[in-house]
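Chemist: So that we are looking at the same thing, I have put the structure below in C-alpha coordinates.
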(Lines of atoms letter the chains of each structure in order from A and count residues from 1; the text may use other names and numbers.)
(Lines give C-alpha, C1' and ligand atoms only; values in the text may rest on other atoms or scores of the structure.)
Protein backbone atom coordinates (compact mmCIF):
# COMPACT_ATOMS: atom_id res chain seq x y z
CA UNK A 1 0.00 0.00 0.00
CA UNK A 2 2.76 2.46 0.97
CA UNK A 3 4.73 1.69 -2.14
CA UNK A 4 1.72 2.37 -4.35
CA UNK A 5 1.08 5.69 -2.58
CA UNK A 6 4.70 6.83 -2.95
CA UNK A 7 4.84 5.81 -6.61
CA UNK A 8 1.67 7.85 -7.19
CA UNK A 9 3.26 10.81 -5.39
CA UNK A 10 6.30 10.59 -7.66
CA UNK A 11 4.15 10.20 -10.77
CA UNK A 12 2.47 13.50 -9.87
CA UNK A 13 5.74 15.28 -9.08
CA UNK A 14 8.97 13.55 -10.08
CA UNK A 15 10.96 16.25 -8.25
CA UNK A 16 9.31 15.82 -4.85
CA UNK A 17 12.32 15.27 -2.58
CA UNK A 18 10.38 14.02 0.44
CA UNK A 19 8.57 11.39 -1.66
CA UNK A 20 11.89 10.17 -3.05
CA UNK A 21 13.37 10.04 0.45
CA UNK A 22 10.42 8.20 2.00
CA UNK A 23 10.23 5.79 -0.92
CA UNK A 24 13.94 5.12 -0.43
CA UNK A 25 13.33 4.38 3.27
CA UNK A 26 10.52 1.98 2.35
CA UNK A 27 12.78 0.21 -0.14
CA UNK A 28 15.43 -0.15 2.58
CA UNK A 29 12.85 -1.88 4.78
CA UNK A 30 12.04 -4.16 1.85
CA UNK A 31 15.80 -4.86 1.51
CA UNK A 32 15.89 -3.35 -1.98
CA UNK A 33 18.92 -1.20 -1.23
CA UNK A 34 20.10 -0.57 -4.79
CA UNK A 35 16.69 0.83 -5.73
CA UNK A 36 16.57 2.76 -2.47
CA UNK A 37 19.92 4.35 -3.22
CA UNK A 38 18.65 5.96 -6.43
CA UNK A 39 15.69 7.54 -4.63
CA UNK A 40 17.68 8.76 -1.63
CA UNK A 41 20.31 10.14 -4.03
CA UNK A 42 17.59 12.00 -5.95
CA UNK A 43 16.17 13.43 -2.70
CA UNK A 44 19.64 14.55 -1.66
CA UNK A 45 20.20 16.17 -5.04
CA UNK A 46 16.86 18.00 -4.92
CA UNK A 47 17.25 19.18 -1.30
CA UNK A 48 20.98 19.15 -0.59
CA UNK A 49 20.46 21.35 2.47
CA UNK A 50 18.64 18.61 4.41
CA UNK A 51 21.18 16.85 6.60
CA UNK A 52 19.14 13.64 7.01
CA UNK A 53 19.11 13.13 3.23
CA UNK A 54 22.89 13.52 3.03
CA UNK A 55 23.49 11.19 5.95
CA UNK A 56 21.15 8.46 4.68
CA UNK A 57 22.61 8.71 1.16
CA UNK A 58 26.13 8.29 2.51
CA UNK A 59 25.16 5.33 4.71
CA UNK A 60 23.16 3.62 1.98
CA UNK A 61 25.89 4.15 -0.60
CA UNK A 62 28.34 2.33 1.69
CA UNK A 63 25.89 -0.53 2.26
CA UNK A 64 25.23 -0.99 -1.46
CA UNK A 65 28.97 -0.95 -2.23
CA UNK A 66 29.56 -3.64 0.43
CA UNK A 67 26.70 -5.73 -0.96
CA UNK A 68 28.20 -5.54 -4.45
CA UNK A 69 31.58 -6.71 -3.10
CA UNK A 70 30.04 -9.76 -1.41
CA UNK A 71 27.68 -10.58 -4.27
CA UNK A 72 24.52 -8.95 -2.96
CA UNK A 73 23.61 -11.57 -0.38
CA UNK A 74 24.69 -13.45 2.67
CA UNK A 75 24.82 -12.54 6.32
CA UNK A 76 26.96 -9.44 5.73
CA UNK A 77 24.24 -7.92 3.56
CA UNK A 78 21.66 -8.78 6.19
CA UNK A 79 23.89 -7.29 8.89
CA UNK A 80 24.34 -4.12 6.82
CA UNK A 81 20.58 -3.89 6.39
CA UNK A 82 20.09 -4.23 10.16
CA UNK A 83 22.67 -1.51 10.85
CA UNK A 84 21.05 0.82 8.31
CA UNK A 85 17.59 0.25 9.80
CA UNK A 86 18.96 0.86 13.30
CA UNK A 87 20.53 4.15 12.20
CA UNK A 88 17.24 5.17 10.55
CA UNK A 89 15.36 4.43 13.77
CA UNK A 90 17.85 6.46 15.83
CA UNK A 91 17.49 9.49 13.53
CA UNK A 92 13.69 9.22 13.66
CA UNK A 93 13.70 9.03 17.48
CA UNK A 94 15.90 12.13 17.69
CA UNK A 95 13.47 13.99 15.42
CA UNK A 96 10.51 12.91 17.57
CA UNK A 97 12.25 14.03 20.77
CA UNK A 98 13.07 17.41 19.20
CA UNK A 99 9.49 17.83 18.01
CA UNK A 100 8.13 16.99 21.49
CA UNK A 101 10.58 19.44 23.06
CA UNK A 102 9.61 22.14 20.57
CA UNK A 103 5.93 21.60 21.38
CA UNK A 104 6.63 21.92 25.11
CA UNK A 105 8.60 25.14 24.58
CA UNK A 106 5.90 26.62 22.34
CA UNK A 107 3.14 25.61 24.82
CA UNK A 108 5.01 27.23 27.67
CA UNK A 109 4.96 30.58 25.83
CA UNK A 110 1.33 30.27 24.72
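In our numbering, the protein residues as written are 447 to 556. Here a beta-carbon is modelled for each residue, glycine too, at the ideal position from N, C-alpha and C. Note that this is a predicted model, so its numbers are computed, not measured.
Do you know whose CA, among 475, 467 and 454, lies nearest residue 502's CA?
Modeler: 467
Chemist: Does the distance from the CB of residue 472 to the CB of residue 447 come in under 8 Å?
Modeler: With contacts defined as CB atoms closer than 8 Å, residue 472 and residue 447 fail to qualify as a contacting pair.
Chemist: Determine the closest residue to residue 485 out of 497, 458, 512 and 463, with distance taken between C-alpha atoms.
Modeler: Among 497, 458, 512 and 463, the Cα nearest to that of residue 485 belongs to 463.
Chemist: State the DSSP-derived secondary structure class of residue 447, mapped to helix, strand or coil.
Modeler: The three-state secondary structure of residue 447, taken from DSSP, is coil.
Chemist: What do you reckon, are the CB atoms on residue 499 and residue 490 nearer than 8 Å?
Modeler: Result yes, Cβ atoms of residue 499 and residue 490 sit closer than 8 Å.
Chemist: Under a Cβ-count criterion, where at least 16 other Cβ atoms within 10 Å of its own Cβ denotes burial, should residue 460 be classed as buried or exposed?
Modeler: exposed
Chemist: Does the beta-carbon distance from residue 506 to residue 483 come in below 8 Å?
Modeler: Cβ distance < 8 Å, so residue 506 and residue 483 count as in contact.
Chemist: Can you give the Cα-Cα distance for residue 465 and residue 457, rounded to whole angstroms?
Modeler: 10 Å
Chemist: Might you give, ordered along the chain, the residues of its own chain that have their beta carbon closer than 6 Å to the beta carbon of residue 487, omitting 5 neighbours on each side?
Modeler: 503
Chemist: Taking DSSP as the reference, what is the three-state secondary structure of residue 482?
Modeler: helix
Chemist: For residue 474, report the span of its alpha helix (DSSP H) as first-last.
Modeler: Counting along the chain, the unbroken alpha helix (DSSP H) around residue 474 starts and ends at 463 to 475.
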